[in-house]
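Undergrad: Attaching a single structure in structure tokens format; questions to follow.
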Amino acid sequence: MPDRLMYEEDNYVVLETNQPEQIITASELFEKLKGVVDKLQIDDLSPDLRVFDSTDARVKYLIDTSCELDVGPGNYLQWYAVRLEK
239 MPDRLMYEED NYVVLETNQP EQIITASELF EKLKGVVDKL QIDDLSPDLR
289 VFDSTDARVK YLIDTSCELD VGPGNYLQWY AVRLEK
């Protein structure tokens with residue numbers, strides 16, 4: 239039986255254009271993505287994100303199903319779950 243720790247997503251490494259790698263908590267990732275999604279125009283969001291009525295729902299969907307967000311040409315925002323302890 240797999241260890242439940244394998245499925246915990248408490249910390250993430252975040253990669254952004256022209257920024258150093260960051261390790262942040264799940265709540266910090268949520269707030270970071272919320273700020274980015276709020277700044278994007280609805281037309282700039284992918285069709286799967288447009289179906290949600292709130293930013294919180296969009297961000298939760300992103301965290302649950304993706305590891306990157308299109309933030310414009312030549313830019314990137316990616317996140318990956320990491321385990322900090324054994």
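Under our numbering, the first residue of the sequence shown carries the number 239, and numbering increases by one thereafter.
Using N, Cα and C, we set each Cβ at its ideal position, and we do this for glycine too.
Assign L322 to buried or exposed, taking buried as 16 or more other Cβ atoms, counted over all protein chains shown, within 10 Å of its Cβ.
TA: In the sequence shown, residue 322 corresponds to position 84, counting from 1. By the 10 Å Cβ count, L322 comes out exposed.
Undergrad: Would L315 and V251 qualify as a contact pair, given that the criterion is a beta-carbon distance under 9 Å?
TA: If you number the sequence shown from 1, residue 315 lands on position 77. If you number the sequence shown from 1, residue 251 lands on position 13. Cβ atoms of L315 and V251: not closer than 9 Å.
Undergrad: How far does the beta strand (DSSP E) with L253 in it reach, from first residue to last?
TA: Here residue 253 corresponds to residue number 15 of the sequence shown, with the count starting at 1. Element bounds for L253: N249 to E254.
Undergrad: With DSSP run on the structure shown, which of helix, strand or coil describes E306?
TA: In the sequence shown, residue 306 corresponds to position 68, counting from 1. In the structure shown, E306 sits in a strand (DSSP, three-state: E or B).
Undergrad: Exposed or buried, what is V297 when buried is set at 16 or more other beta-carbons lying within 10 Å of its beta-carbon?
TA: For the purposes of this step, residue 297 is taken as residue 59 along the sequence shown, with counting starting at 1. By the neighbour-count rule (16 or more Cβ atoms within 10 Å), V297 is buried.
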